[in-house]
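Note that full-length UniProt numbering has the sequence shown beginning at 1, numbered continuously upward. Below is one structure, written out as structure tokens; the observations come after it.
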Amino acid sequence: MCFGTLENARAYYYRYAARTGFVVKIRTTGWETRNDQRVVVNQALHCNRDGYRTSRVKAPKRRKTVVSTNCKTRCYLALDKITGQWRISRIEVSHSHPLNPKLSGMFSANRQLNLHVKDLIQQNDQAGIRPNQSLQMRSALETTLPHTRHRWCIWHILNKIPNKLVGYRRFNQLNTCMKRIVFEFKSKDSFEGDWHDFIEEYDLYNSRWLKDMFDDRHMWVPVFFKDEFWAGMRSTQRSENMHSVFDKYLNSKSSLLQFFRQYQNCVIDKEQKELECDAADLRGIIPCVSSSPIEKQFQREYTNSMFRDV
Numbered sequence: 001m002c003f004g005t006l007e008n009a010r011a012y013y014y015r016y017a018a019r020t021g022f023v024v025k026i027r028t029t030g031w032e033t034r035n036d037q038r039v040v041v042n043q044a045l046h047c048n049r050d051g052y053r054t055s056r057v058k059a060p061k062r063r064k065t066v067v068s069t070n071c072k073t074r075c076y077l078a079l080d081k082i083t084g085q086w087r088i089s090r091i092e093v094s095h096s097h098p099l100n101p102k103l104s105g106m107f108s109a110n111r112q113l114n115l116h117v118k119d120l121i122q123q124n125d126q127a128g129i130r131p132n133q134s135l136q137m138r139s140a141l142e143t144t145l146p147h148t149r150h151r152w153c154i155w156h157i158l159n160k161i162p163n164k165l166v167g168y169r170r171f172n173q174l175n176t177c178m179k180r181i182v183f184e185f186k187s188k189d190s191f192e193g194d195w196h197d198f199i200e201e202y203d204l205y206n207s208r209w210l211k212d213m214f215d216d217r218h219m220w221v222p223v224f225f226k227d228e229f230w231a232g233m234r235s236t237q238r239s240e241n242m243h244s245v246f247d248k249y250l251n252s253k254s255s256l257l258q259f260f261r262q263y264q265n266c267v268i269d270k271e272q273k274e275l276e277c278d279a280a281d282l283r284g285i286i287p288c289v290s291s292s293p294i295e296k297q298f299q300r301e302y303t304n305s306m307f308r309d310v
């Protein structure tokens, strides 16, 4: 197979590597002087996981992955002096590591963006909402799911405290006291009594937000849900992670239709990140401490993150 230029020959092999699931690097380049000019006459393309590198850091203490696995896959390109065309003079396929063509697009060397896509990325704004106790959502849920129990996210409510109460004296103390009253409950009556004492002690009678929160206490205070089945979940569990996930997709003005569309985008992004993590595991390995075949099997089957903990 012949090519008009070195770039075309190299691009052909790069495309093959991308479809197969590995990354290519230029290992050596041969030069000759012709008519007082230095010209390239041959080039060796290796898998980027060739060679073997030692480290001063002992394997049990090593946290970084090792990319080199002494892979022997390579391709040799040569310039035909008669025709002036480039050809593949020799190729060796002997990978010492697993290949996954589906993850090939996750390798930085195989990622290419045209000018249109780059311009689109720069111009598009990321949408994001933070779920809150919106009356529209409450009304919609009561209409479409009349037999379900709707509750507000307590994490989101408590996260508003700095904005709602920061101007009051002894803010740090009242912030801690309010959270203690909300979570350290014994009964509905004890909560209501402690809440009134809290309002009186910190002179919060003028806070309309606290008054509204107390009026709707059956929607967010945990003591009002303790007799209902929630599959072992509290509104404080996992909420911070979930809110941080949706923050960049949604905002308080997003409609219910936008929520479902952005939820799909969120799922797609999470799948993309999982693919990137799988690709990172494919690019390098954590070396074994011993020569045990069991440890070698763990290294092969586990992710790098899990293998560190074995």
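Glycine included, each C-beta is placed from N, C-alpha and C at the ideal position.
Locate the beta strand (DSSP E) running through residue i, then write down its first and last residues.
i, result
"E92", "W86 to E92"
"I26", "V24 to R34"
From the DSSP secondary-structure annotation, give me the bridge partner or partners of residue i.
i, result
"Y76", "A44 and R90"
"W155", "None; W155 has no bridge partner."
"C2", "R87"
Residues in its own chain within less than 6 angstroms of residue i by CB, not counting five upstream and five downstream?
i, result
"G128", "The pLDDT assigned to G128 is 29, lower than 50, so where the model puts this residue is not dependable, and the model offers no usable value."
"I157", "W220"
"Q173", "none"
"D194", "I181"
"T28", "A44"
From the DSSP output, in three-state form, read off residue i for me.
i, result
"R300", "helix"
"R38", "strand"
"D50", "coil"
"N251", "coil"
"D216", "coil"
"K81", "coil"
"R130", "Below a pLDDT of 50, predicted positions are generally treated as unreliable, and R130, at 31, falls in that range; no measurement from the model is reported."
"K270", "helix"
"S96", "coil"
"K186", "coil"
"F191", "helix"
"G21", "coil"
"S292", "coil"
"F107", "coil"
"residue 311", "As displayed, the chain neither begins before 1 nor continues past 310, which places residue 311 out of reach and without an answer."
"V223", "helix"
"Y12", "helix"
"Y263", "helix"
"S207", "coil"
Closer than 8 angstroms, CB to CB, is residue i near chain C or not?
i, result
"L77", "Within the model displayed, chain C is absent; a lone protein chain is all it includes."
If I follow the unbroken alpha helix (DSSP H) through residue i, where does it start and stop?
i, result
"V203", "Reading the sequence as shown, one finds Asp at residue 203 and not Val. Counting along the chain, D203 falls outside any alpha helix (DSSP H), and DSSP gives it neither H nor E."
"I161", "I161 to L165"
"N172", "F171 to F183"
Assuming residue i contacts residue j (C-beta within less than 8 angstroms), just tell me the rounded distance between them.
i, j, result
"L165", "S207", "7 angstroms"
"S94", "K72", "4 angstroms"
"L79", "F22", "Not quite, the Cβ-Cβ distance comes to about 25 angstroms (not below 8 angstroms), so this is no contact."
"V24", "W31", "Their Cβ separation, rounded to whole angstroms, is 20 angstroms, which puts V24 and W31 out of contact at 8 angstroms."
"L77", "Q37", "L77 to Q37, Cβ: 19 angstroms. No contact."
"H97", "R74", "With a Cβ gap of about 14 angstroms, H97 and R74 do not count as contacting."
"N304", "I286", "5 angstroms"
Residues in its own chain within less than 7 angstroms of residue i by CB, not counting five upstream and five downstream?
i, result
"D278", "L103"
"Y202", "Y168, R170 and L174"
"G4", "Q85"
"C177", "F198"
"D281", "T303 and N304"
"Y205", "I199"
I'd like the list of long-range same chain contacts for residue i, defined as Cβ closer than 8 angstroms, with 5 residues on each side in sequence excluded.
i, result
"K188", "V223 and F224"
"S68", "R49, D50, G51, Y52 and R53"
"A9", "F3, L77, W86, R87 and I88"
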